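Presented below is the structure to which this report refers.
As structure tokens, then:
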């Protein structure tokens, strides 16, 4: 019998053609798992283990004939039964009836299977792997990874599962080795594209399952090092060296030892993927430049000068050109036009960002660097947190590449410096309202207004020569009234082009007033306002009102529904007005149903609203309606996500009904899409007459704080309203604001701060008999006391919370307190009552179809079941919770549930699986949950690593956890010291 040792199954030069049985059915076979046959998707009986061994032996011969003697040897080896030949014939006859005679054929005293080329999963996997090799060689790493994932996905457990015989055993070993090789290749690709944090979890489990496989250890060291876990990477080497010495009496292979030395040296080359073999892979090529305007006009000398500088960038350290000028002078248009003309000189791509430097909130450099790194192919998990680290990684990523970076609308040189490439062959174009004289090495360009000839050409290209030729003098009057400023000319020309009944003289007459005296435009901001005045003065009264009021909202953009609420109009009427503003270039359509201002236009719109054109009470009423809209809609989302929760009944009433949603997923989509606008509205509404509703909006949008996706913005809003309530004389608003901040501190692991705020919230709630913070503050103090090991206090607070929730007839709140009380009972050794309490909470949640909080209940029950050693039940409960948390986008709870599953695996004696869960928890909880929770995960990860023999790495995890606990003054520090003690002796 043929027993080849390599991972590839040989394909003969001549194959039988693809055969189909009567009825044109499709037969499929699998051996990468249990041996199975399917016809048109339906499983076929494959018989006894020996009969499946016969089928497997025939399938793995790629259509070649196997003699009876070879099949006997394959199934029974050296000890066949006396009737082996007759048994082979019986098995073949049975299989022929199940398959069909055209598939299993007799041939030259033996048997063969004639099936389609892609009928066997091994063949499919082999071809996917070959395609992955080709994709990798061509530089398409993403496609290579996807193909390898698809190939590995064909395995369904152990290959040839439960199939007896020496041939099956040999093939099982061969296929498992091939599977590992494919997995190593895919993990290698993971590291090459920056998915090192995600790879750590899988590599930890694989090194536990295959402790002597040095290539896996090498990949794990690289993944840890690139994740900023250098000490753990070195500990992996120490563990490997000790294991190889103990088990085999050998040292690690040279490649592993060299890797250790590179890590010790903090080799910068190791921080990024190694060079690919030829042909070199094509890196991600961003092409982010906005479209150039088709009617670009003039600026010939600037285009030539800037183009020449960019064309010679390859031979310079770095070409930096900074364009300065007043708003509307055409800096962005010129820069984008020049950048497009220079694209051929930057074959590795072009990056673009609007730095929003003219607005109140300029873009943060670290945020921009994160976006640039993603555009350059860096995975989220590989992007560091600090500005300096991101800037360093950005420069490293650009090294050796020729990329043009367009930094539009910069605030100042300090904002720009971290975003400059700094490497030969790259270049940066910068636009700003200020001259960047302090930007070393930059070529400064001062952009003035257009010449009259250029201005007239631009106006003509937009309006059309036919209308201009007969009224040339009137056209000159128009561009002169526009101050020869490109943006003003474009606004006026677009307005005229959209009105076929107007003549150029009509437009000139509209502009023939005192605004013409601003032609010279010598005062920057004033000139910008005068420019916008030209377009604004042509608006109909309803359009002008919409323009003024929409500019009041602080968010980066606004939806049609929110705009309609702010304007107090029906949606279709509001849409007509907004689209009219888009036509005049005073408003941009960011996406269908969403609108935004250019930052300077927003400032101008606000100045219009704040002068005598809009009374203060009308401005306040508009923002009040917007707040009403967000509060009513967020309350609806909360009610849909948490059915039966009385919180929404305690919120301030609104005059706006808000949006309604058909499903909780649609509701969550809205909440997360509007997060920035909603939280901006909270901050903007921190005035006495809107403060109560602003605080309640934070309550209703609780998911934004808990999920981790917007936790920093949510905390900033909570701090803003908390400060606004100090001394305001409204104890109700202050109590709720304090409670929101307490919740923020608790989620971030700042338990002392959280407890103080919750205590203050209780005091304030008691003075005004406000049930909302009274209930939730008691509940919060109970869980905080649990975290601080103050169990008697915690039980008292939670008992108080249960009574308060019952008095309020808030069943979900009662269930929450019951589940939290379950954890107190668990911490004090009352396991059975802990289980009962958690089950009581779950019953309430399930009766209300409260999926999200039901998941919190199952989380609590999973903990109690773990401690009572009902580990299978605990796993089921926690997996159920995990699915809901992921579906609800609750990253904090997703990460904590993964952590608890790791604890279950530790208790079950499966440290490899525990390590995998712990690593996944660390990845999910990155940046959220606070240091205390990270310390807990690291402690369990250390236990898991210690259990799989990676003791050095375990020590690293425990030392990091100990440092966290000692800094926080947490009692868990003593437990970790006891774990570290054996290593010290």
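Residue numbers (my numbering): 52 to 1036.
Built from N, CA and C at the ideal position, the CB exists for glycine as well.
In this text, all values refer to a predicted model and were calculated from it rather than measured experimentally.
Practice task
Go ahead and label residue 789 buried or exposed: buried means 16 or more other beta carbons lie within 10 angstroms of its beta carbon, across all protein chains shown.
Solution key: For the purposes of this step, residue 789 is identified with residue 738 of the chain shown, where counting begins at 1. It counts as buried.
Exercise for the section: With a 10 Å radius around its C-beta and 16 neighbouring C-beta atoms as the bar for buried, classify residue 382 as buried or exposed. Expected result: Indexing the chain shown from 1 puts residue 382 at position 331. Under this definition residue 382 is a buried residue.
Practice task
State yes or no: is the C-beta of residue 403 within less than 8 angstroms of the C-beta of residue 457?
Solution key: Working through the chain shown from its first residue, we reach residue 403 at position 352. Working through the chain shown from its first residue, we reach residue 457 at position 406. Cβ atoms of residue 403 and residue 457: closer than 8 angstroms.
Exercise for the section: Flag this pair as yes or no: are the beta carbons of residue 344 and residue 492 separated by less than 8 angstroms? Expected result: Stepping through the chain shown from its first residue, residue 344 is reached at position 293. Stepping through the chain shown from its first residue, residue 492 is reached at position 441. Result no, Cβ atoms of residue 344 and residue 492 do not sit closer than 8 angstroms.
Exercise for the section: Using only alpha-carbon positions, find the residue among 420, 600, 360 and 468 that is nearest to residue 393. Expected result: In the chain shown, residue 393 corresponds to position 342, counting from 1. For residue 393, the nearest C-alpha among the options comes from 360.
Problem - Beta-carbon proximity check, residue 659 vs residue 587, cutoff 8 angstroms - result: On the chain shown, position 608 is the one that residue 659 refers to. On the chain shown, position 536 is the one that residue 587 refers to. Against a cut-off of 8 angstroms, the Cβ pair of residue 587 and residue 659 comes out as a contact.
Practice task
Starting from residue 494, follow its DSSP beta bridges and name the residues at the other end.
Solution key: Position 443 of the chain shown, counting from 1, holds the residue named residue 494. Beta-bridge pairing links residue 494 to 372.
Problem - Validate contact between the stretch 91 to 99 and the stretch 111 to 120 using beta carbons, cut 8 angstroms, 3 pairs - result: The stretch 91 to 99 is not in contact with the stretch 111 to 120.
Handout entry: Exposure of residue 563, with buried meaning 16 or more beta-carbon neighbours within 10 Å
Key = As a first step, residue 563 is located in the chain shown; it is residue number 512 there, counting from the start. Looking at its Cβ environment, which holds fewer than 16 other Cβ atoms inside 10 Å, residue 563 is exposed.
Handout entry: Residue range of the unbroken alpha helix (DSSP H) whose run includes residue 848
Key = By one-based count along the chain shown, residue 848 stands at place 797. 842 to 858 is the span of the alpha helix (DSSP H), which, as asked, contains residue 848.
Problem - Opening and closing residue of the beta strand (DSSP E) in which residue 90 lies - result: As a first step, residue 90 is located in the chain shown; it is residue number 39 there, counting from the start. Counting along the chain, the beta strand (DSSP E) containing residue 90 begins and ends at 87 to 90.
Practice task
Measure the alpha-carbon distance for residue 577 versus residue 757 and round it to whole angstroms.
Solution key: For the purposes of this step, residue 577 is taken as the residue at position 526 of the chain shown. For the purposes of this step, residue 757 is taken as the residue at position 706 of the chain shown. Reliability of the predicted coordinates at residue 577 is poor, the pLDDT of 33 falling under 50, and the value obtained from them is presented with this limitation in mind. It is roughly 45 angstroms from the alpha-carbon of residue 577 to the alpha-carbon of residue 757.
Problem - Helix, strand or coil at residue 302 according to DSSP, with G and I counted as helix - result: Here residue 302 refers to the residue found at position 251 of the chain shown. In the structure shown, residue 302 sits in coil (DSSP, three-state: anything other than H, G, I, E or B).
Handout entry: Buried versus exposed, by CB contacts within 10 Å (16 or more), residue 263
Key = Position 212 of the chain shown, counted from the first residue, corresponds to residue 263. Exposed.
Handout entry: Bounding residues of the alpha helix (DSSP H) (the contiguous stretch that carries residue 873)
Key = Taking the first residue of the chain shown as position 1, residue 873 is located at position 822. Segment 862 to 878, the alpha helix (DSSP H) holding residue 873.
Practice task
Apply the 10 Å Cβ neighbour rule to residue 840 and answer buried if 16 or more other Cβ atoms are within range, or exposed otherwise.
Solution key: As a first step, residue 840 is located in the chain shown; it is residue number 789 there, counting from the start. By the neighbour-count rule (16 or more Cβ atoms within 10 Å), residue 840 is not buried but exposed.
Exercise for the section: Whole angstroms is fine: what's the gap from residue 66's alpha carbon to residue 88's? Expected result: The count along the chain shown starts at 1 and reaches residue 66 at position 15. The count along the chain shown starts at 1 and reaches residue 88 at position 37. Residue placement at residue 66 is poorly supported in this model, since its pLDDT is 37, which falls under 50; the coordinates still yield a value, given next. Taken atom to atom, the span from the alpha-carbon of residue 66 to that of residue 88 is near 21 angstroms.
Handout entry: Spatial neighbours of residue 172 in its chain, beta-carbon cut-off 6 angstroms, leaving aside the 5 residues before and after
Key = Within the chain shown, numbered from 1, the residue matching residue 172 stands at position 121. These residues qualify, in order along the chain: 81, 83 and 205.
Practice task
Find the nearest neighbour of residue 335 within the set 260, 193 and 272, judged by alpha-carbon distance.
Solution key: Taking the first residue of the chain shown as position 1, residue 335 is located at position 284. Among 260, 193 and 272, the Cα nearest to that of residue 335 belongs to 193.
Exercise for the section: Could you check the C-alpha separation between residue 928 and residue 692 for me, to the nearest Å? Expected result: The sequence position of residue 928 within the chain shown is 877, counting from 1. The sequence position of residue 692 within the chain shown is 641, counting from 1. Between residue 928 and residue 692, the C-alpha separation is close to 20 angstroms.
Practice task
Please find out if some non-hydrogen atom of the ligand PLP comes closer than 7 angstroms to the beta-carbon of residue 927.
Solution key: By its list of ligands, the structure shown contains no ligand whatsoever, and the ligand PLP lies outside what it can speak to.
Handout entry: Under the three-state DSSP convention, the category residue 172 falls into
Key = Walking along the chain shown from the start, residue 172 turns up at place 121. When DSSP states are grouped into helix, strand and coil, residue 172 belongs to the helix group.
Practice task
Determine, using beta carbons only, whether residue 196 and residue 433 come nearer to each other than 8 angstroms.
Solution key: Along the chain shown, one-based indexing puts residue 196 at 145. Along the chain shown, one-based indexing puts residue 433 at 382. Not closer than 8 angstroms, so no.
Problem - Pair within 8 angstroms by beta-carbon distance, residue 990 and residue 955 - result: As a working mapping, residue 990 is identified with position 939 in the chain shown. As a working mapping, residue 955 is identified with position 904 in the chain shown. Contact: no.
Practice task
Please list, in chain order, all residues of the same chain as residue 430 whose beta carbon is under 6 angstroms from its beta carbon, the five residues on each side excluded.
Solution key: As a working note, residue 430 is residue 379 in the chain shown. Cβ neighbours of residue 430 beyond the five flanking positions: 245 and 246.
Practice task
Could you work out which residue in 755, 863, 993 and 257 is closest to residue 940 when comparing CA atoms only?
Solution key: One-based indexing of the chain shown puts residue 940 at position 889. The candidate whose alpha carbon is nearest that of residue 940 is 755.
Problem - Nearest candidate by alpha-carbon position, reference residue 126, set 946, 972 and 215 - result: Position 75 of the chain shown, counted from the first residue, corresponds to residue 126. Here the closest residue by C-alpha is 215.
Problem - Straight-line gap, residue 809 to residue 761 (C-alpha atoms, nearest Å) - result: Indexing the chain shown from 1 puts residue 809 at position 758. Indexing the chain shown from 1 puts residue 761 at position 710. Straight-line spacing of the CA atoms in residue 809 and residue 761 works out to 22 angstroms.
Exercise for the section: Taking 8 angstroms as the cut-off, decide whether the C-beta atoms of residue 899 and residue 869 are in contact. Expected result: Indexing the chain shown from 1 puts residue 899 at position 848. Indexing the chain shown from 1 puts residue 869 at position 818. Not a contact, by the Cβ cut-off of 8 angstroms.
Practice task
Kindly indicate which residue of 510, 481, 503 and 396 has the alpha-carbon position closest to the one of residue 496.
Solution key: Start at 1 with the first residue of the chain shown, and residue 496 comes out as number 445. Of the residues 510, 481, 503 and 396, the one whose Cα lies closest to the Cα of residue 496 is 481.
Problem - Rounded Cβ spacing between residue 848 and residue 862 (contact assumed at less than 8 angstroms) - result: Within the chain shown, the letter at position 797 stands for residue 848. Within the chain shown, the letter at position 811 stands for residue 862. Contact doesn't hold; Cβ gap of about 19 angstroms is too wide.
Problem - Inter-residue spacing [alpha-carbon to alpha-carbon] between residue 1020 and residue 727 - result: Working through the chain shown from its first residue, we reach residue 1020 at position 969. Working through the chain shown from its first residue, we reach residue 727 at position 676. Residue 1020 and residue 727: Cα-Cα distance of roughly 35 angstroms.
Practice task
Taking only the alpha-carbon atoms, compute the straight-line gap between residue 485 and residue 777 and give it to the nearest angstrom.
Solution key: Reading the chain shown from its first residue, position 434 is the one you call residue 485. Reading the chain shown from its first residue, position 726 is the one you call residue 777. Those two C-alpha atoms are separated by around 39 angstroms.
Practice task
Apply the 10 Å Cβ neighbour rule to residue 449 and answer buried if 16 or more other Cβ atoms are within range, or exposed otherwise.
Solution key: For the purposes of this step, residue 449 is taken as residue 398 along the chain shown, with counting starting at 1. Buried.
Exercise for the section: Assess, as a yes-or-no matter, whether the stretch 906 to 915 is touched by the stretch 930 to 937 under the definition of 3 or more beta carbon pairs within less than 8 angstroms. Expected result: yes
Problem - Nearest-angstrom Cα separation, counted from residue 226 out to residue 267 - result: If you number the chain shown from 1, residue 267 lands on position 216. If you number the chain shown from 1, residue 226 lands on position 175. A straight line joining the alpha-carbon of residue 267 with that of residue 226 spans about 18 angstroms.
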